[in-house]
Amino acid sequence: MSKKVFIKTYGCQMNVYDSKRMADVLKPHGYEQSESAEDADLVILNTCHIREKAAEKVYSEIGRLRAEKETRATEGKNMYIAVAGCVAQAEGPEMMKRAPAIDMVLGPQTYHRLPDMLKSAEEQRTGGRLSARVLDTEFPVDTKFDYLPTDESAFEGTAAFLTIQEGCDKFCTFCVVPYTRGAEYSRPVKDIVDEARRLVARGVVEITLLGQNVNAFHGDDSNGGSATLGGLIAELDKIDGLGRIRYTTSHPRDMDQELVDAHRDIASCMPYLHLPVQSGSDRILDAMNRKHTRDEYFAIIDRLRAARPDLALSSDFIVGFPGETDQDFEDTLDLVRRVKYAQAYSFKYSPRPGTPASVSQEQVPEDVKSERLARLQALLNEHQLEFNEGSVGKEMDVLLERQGKRAGQLLGRSPYLQSVHVNVANADNALDATGDKPYTDYMGKLVRVRIVEAGPHSLKGELVRALN
Ligand code: SAM
Ligand code: SF4
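What the sequence shown shows, in this note's numbering, is residues 123 to 590, in sequence order.
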């Protein structure tokens, strides 16, 4: 009899990818995916530990699930709760103590062992125990990628994520990733190309290559050497039907010339780059252990813009890092004014247990962090709106991914990762502008669009013509 699993994903796109892989692992064991916890036999929380708030959300969710589990038990039904991801990796044993409703805790490197863990949990609960105690947060010698099936047959959509690299050896002083995801590892080129081919055969047009340090990629190639990310993009570009390649997240130090050139020479390499700088102050960059200065960052941006003048840039920022003065923060605002990002993410510094910065005596008061974050976000939003307004009147290719809220409208992404609402027809269920096919036939297609309106978070456009 088929069972149901509900996977709730927190945090980054790598977790989104991992959640899909967990669903693939469970499928041969009779688990279908469910849309909610209410009718699920197994609930997996795939967690994020990057900031304190992210971890706390998990505990409140477990509280809600516990009530559901207890109700089911009174009806003689079993429900299993598993916690996966980075909170599990960092706090596994403590989580089991703090939240006894949890049956299983598994780290990001052990998903392939999920069926075995589930079996142990079931055995432990025969006899009517409300919860099992199964914990697996090892960093196994063999990579999970060798064991995880990739069931692309289950994939529906035109844009997909593909993890090519995991872990990090950089040890920025604020960050838990090197501890929760372990050492840097790159998948072999052949495995990635095969996975990409299978995705494209299923109708995928755009692939985003994922990695905590994606541009540090150095996967084995077929000649006994290793490929850089630029080399991998060139290989993927040969796949017929793969129209768009993106990658995230990159570190400035790993932005080598081959990758810069890929933006100039490879049409499928999209003109958008998320290149987090975190701070515009040399003093803070040093304290963060980022190992580059602001001038070095500007030099990288100059090289990129010389190679691809229309490149849209994005970044992450942390405000209120320990010891950040008003002047340091002003340096960050100055960097933002110079680079002018198309989009950006910004956060208040959040001390993470076990990281060097968390024990600094120079913590910045919360109200100062809030005030700085508001000022930074106001400036970033201003630039984002300016960037979007600059698109009005231009024609660009948009990959249509889903139905918009309005009748006759489909929603897609521009090359610069902007959301674009495209009017394809005048009314719901109507034919397209040419009058010969339903407008929804454009879903999953690349189309040429004229941008007619811009807002802070999205654009509006009119269909010019279909491209594929
Ligand atoms: N590898 C990427 C890089 O080097 O920029 C970052 C990956 S991290 C998962 C995503 C973002 O979370 C970071 O760029 C940083 O801005 C933010 N972040 C990480 N640790 C943080 C902390 N302790 N407090 C606030 N923000 C944090
Ligand atoms: Fe974390 Fe990125 Fe620094 Fe690695 S490079 S420690 S993932 S912020």
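All residues carry an ideal CB built from backbone N, CA and C; glycine is no exception.
Give me whichever residues DSSP pairs with Val227 in a beta bridge.
Looking at the DSSP assignment, Val227 forms a beta bridge with Val205 and Leu257.
Less than 8 angstroms between the CB atoms is what I'm expecting for Ser492 and Lys470, so what's the real figure, rounded?
Going by Cβ atoms, the distance from Ser492 to Lys470 rounds to 7 angstroms, so yes, they are a contact pair.
When DSSP labels each residue in this structure, what does Arg303 get in the three-state scheme?
DSSP places Arg303 in coil when its eight states are reduced to three.
When every heavy atom of ligand 2 is checked, does at least one fall within less than 7 angstroms of the C-beta of Val209?
Not under cutoff, so the answer is no.
With 16 other CB atoms within 10 Å as the buried threshold, where does Asp432 fall?
Exposed.
Mark Ser182 as exposed unless 16 or more other C-beta atoms lie within 10 angstroms of its C-beta, in which case mark it buried.
Result: exposed.
Find out if the Cβ-Cβ distance for the pair Leu331, Ile286 is shorter than 8 angstroms.
A contact, by the Cβ cut-off of 8 angstroms.
Can you tell me which of His396, Phe128, Ala177 and Thr447 puts its alpha carbon nearest to the alpha carbon of Glu154?
Of the listed residues, the one whose Cα sits closest to Glu154 is Phe128.
Closer than 7 angstroms: is that where the CB of Phe293 sits relative to any heavy atom of ligand 2?
Phe293: yes, Cβ under 7 angstroms from ligand 2.
Which residues bound the alpha helix (DSSP H) around Leu507?
Counting along the chain, the alpha helix (DSSP H) containing Leu507 begins and ends at Glu488 to Glu511.
Opposite Cys391 in the DSSP bridges: which residues?
Note: Cys391 sits in a beta bridge opposite Ile367.
Using DSSP bridges, identify the partner residues of Leu331.
Bridge partners of Leu331: Leu284 and Tyr369.
Between which two residues does the beta strand (DSSP E) harbouring Tyr132 extend?
Segment: none, Tyr132 is in no beta strand (DSSP E) and carries neither H nor E.
Any chance the segment 509-525 sits against the segment 561-578, with 3 or more Cβ pairs inside 8 angstroms?
The segment 509-525, when compared against the segment 561-578, does touch it at the 8 angstroms Cβ threshold.
Helix, strand or coil: which one does DSSP assign to Ala323?
Looking at Ala323 - three-state DSSP - the assignment turns out to be helix.
So, is Val481 buried or exposed, given that buried needs 16 or more other C-beta atoms within 10 angstroms?
Exposed is the call here.
Check whether the Cβ of Cys290 sits closer than 7 angstroms to any heavy atom of ligand 2, and report yes or no.
The answer is yes for Cys290.
To which residues of the same chain is Leu236 closer than 7 angstroms at the C-beta, ignoring the five residues directly before and after it?
For Leu236, where only same-chain residues beyond five positions count, the Cβ hits under 7 angstroms are Met144, Val147, Leu148 and Leu228.
Thinking Thr302 and Pro230 are a contact (beta carbons under 8 angstroms), I'd like their distance in whole angstroms, please.
Confirmed, about 7 angstroms.
Classify Asn345: buried if its beta carbon has 16 or more other beta carbons within 10 angstroms, exposed otherwise.
Exposed: under 16 other Cβ atoms inside 10 Å.
Would you tell me roughly how many angstroms separate the C-alpha atoms of Val546 and Leu533, rounded to the nearest one?
Spanning the two alpha carbons is a distance of roughly 10 angstroms.
Taking the alpha-carbon of Ala555 as reference, which of Val586, His579 and Asn411 has the nearest alpha-carbon?
Of the candidates Val586, His579 and Asn411, the one whose C-alpha sits nearest the C-alpha of Ala555 is Val586.
Do you know how far the Cα of Val327 is from the Cα of Val514?
So the alpha carbons of these two residues sit roughly 25 angstroms apart.
Return the bridge partner residues of Glu584 from the DSSP annotation.
DSSP output for Glu584 lists Asn545 and Arg572 as bridge partner(s).
What residue from Ile314, Gly402 and Asp383 has the CA that sits closest to Pro393's CA?
Closest by alpha carbon: Asp383.
Does DSSP classify Leu533 as helix, strand or coil?
Strand at Leu533.
Quick check: Ala318 and Leu284, are their CB atoms within less than 8 angstroms of each other?
Yes, Cβ-Cβ distance for Ala318 and Leu284 is below 8 angstroms.
Based on Cα-Cα distance, which residue from Glu357, Ala305 and Arg474 lies nearest to Val311?
Of Glu357, Ala305 and Arg474, the residue nearest in Cα terms is Glu357.
So which of Gly445, Ala221 and Met518 has the shortest CA-CA distance to Pro537?
Minimum Cα distance to Pro537 is reached at Met518.
Could you check whether the Cβ of Ser308 sits closer than 7 angstroms to any heavy atom belonging to ligand 1?
It does not: the Cβ of Ser308 is nowhere closer than 7 angstroms to a heavy atom of ligand 1.
With 16 as the cutoff for other CB atoms within 10 Å, does Phe293 come out buried or exposed?
With fewer than 16 Cβ atoms within 10 Å of its Cβ, Phe293 is classed as exposed.
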